[in-house]
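Number of protein chains: 2
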Amino acid sequence: MDNLEIIGLIAAALTTSAFVPQVYKAWKLRSTKDISLTMYLVFLTGIILWLFYGIQIGSLSMTIANSVTAVLSLIIIMLKIKYK
Amino acid sequence: MDNLEIIGLIAAALTTSAFVPQVYKAWKLRSTKDISLTMYLVFLTGIILWLFYGIQIGSLSMTIANSVTAVLSLIIIMLKIKYK
Chain A
1 MDNLEIIGLI
11 AAALTTSAFV
21 PQVYKAWKLR
31 STKDISLTMY
41 LVFLTGIILW
51 LFYGIQIGSL
61 SMTIANSVTA
71 VLSLIIIMLK
81 IKYK
Chain B
101 MDNLEIIGLI
111 AAALTTSAFV
121 PQVYKAWKLR
131 STKDISLTMY
141 LVFLTGIILW
151 LFYGIQIGSL
161 SMTIANSVTA
171 VLSLIIIMLK
181 IKYK
């Protein structure tokens, strides 16, 4: 695996795991007033398309990264709806 | 351009523009308490790596999408620091 692919994997890991602290904060504080529901609905739609794209081109890293990001975004949407 | 590339462009447009409603909400409400600073710092780091990756592979769509996302994430970080 060349260096550029390693950078791609690190980038995917960062942009995916980034949502964990937001899930934790929303869950711990039980407060999501400042979080934009529109953002996460639009973002989730885009992530689902990226997931479809990744599956079609047979990219395991895109498939894994976007699956995890989709789940985390869905959790944030549910916390947002629950704690408005 | 085949259908899959069109899906990729739509996905990129969605996952990029998704941040605009969050920027608008944070700016309008002047309140960012529920937004995770850690998320956006980690996310921005990942986006910068994706931007570098996109430039290296000569992908105009990745370069544009990640440049815009980086700027939007940076604005959210500044609003977060300003309105804590």
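As they're listed, the protein sequences go chains A and B. Mapping of the first sequence onto this note's numbering: position 59 corresponds to residue 59, and the numbering continues sequentially without gaps. Plus 100 on top of the position in the second sequence (first one is 1) and you've got this note's numbering. All residues carry an ideal CB built from backbone N, CA and C; glycine is no exception.
DSSP-derived helix/strand/coil call for residue i
{"i": "residue 158/B", "result": "coil"}
{"i": "residue 1/A", "result": "coil"}
{"i": "residue 173/B", "result": "helix"}
{"i": "residue 36/A", "result": "coil"}
{"i": "residue 67/A", "result": "helix"}
{"i": "residue 80/A", "result": "helix"}
Delimiting residues of the alpha helix (DSSP H) encompassing residue i
{"i": "residue 118/B", "result": "Note, residue 118/B: premise wrong, no alpha helix (DSSP H); not H, not E."}
Straight-line gap, residue i to residue j (C-alpha atoms, nearest Å)
{"i": "residue 19/A", "j": "residue 65/A", "result": "12 Å"}
{"i": "residue 170/B", "j": "residue 136/B", "result": "16 Å"}
{"i": "residue 47/A", "j": "residue 111/B", "result": "7 Å"}
{"i": "residue 134/B", "j": "residue 105/B", "result": "36 Å"}
{"i": "residue 13/A", "j": "residue 67/A", "result": "12 Å"}
{"i": "residue 76/A", "j": "residue 183/B", "result": "22 Å"}
{"i": "residue 163/B", "j": "residue 180/B", "result": "25 Å"}
{"i": "residue 1/A", "j": "residue 174/B", "result": "31 Å"}
{"i": "residue 72/A", "j": "residue 8/A", "result": "20 Å"}
{"i": "residue 131/B", "j": "residue 30/A", "result": "16 Å"}
{"i": "residue 161/B", "j": "residue 116/B", "result": "11 Å"}
{"i": "residue 145/B", "j": "residue 103/B", "result": "31 Å"}
{"i": "residue 28/A", "j": "residue 128/B", "result": "25 Å"}
Proximity test, residue i beta-carbon vs the ligand GTP heavy atom, cut-off 7 Å
{"i": "residue 21/A", "result": "The ligand GTP is absent from the structure shown, which contains no ligand whatsoever."}
Item to complete: Inspect the CB distances between the segment 114 to 124 of chain B and the segment 57 to 64 of chain A and report whether three or more fall short of 8 Å.
Response: no
Worksheet item: Would you call the segment 134 to 141 of chain B and the segment 39 to 56 of chain A touching, i.e. three or more CB-CB distances under 8 Å?
Response: no
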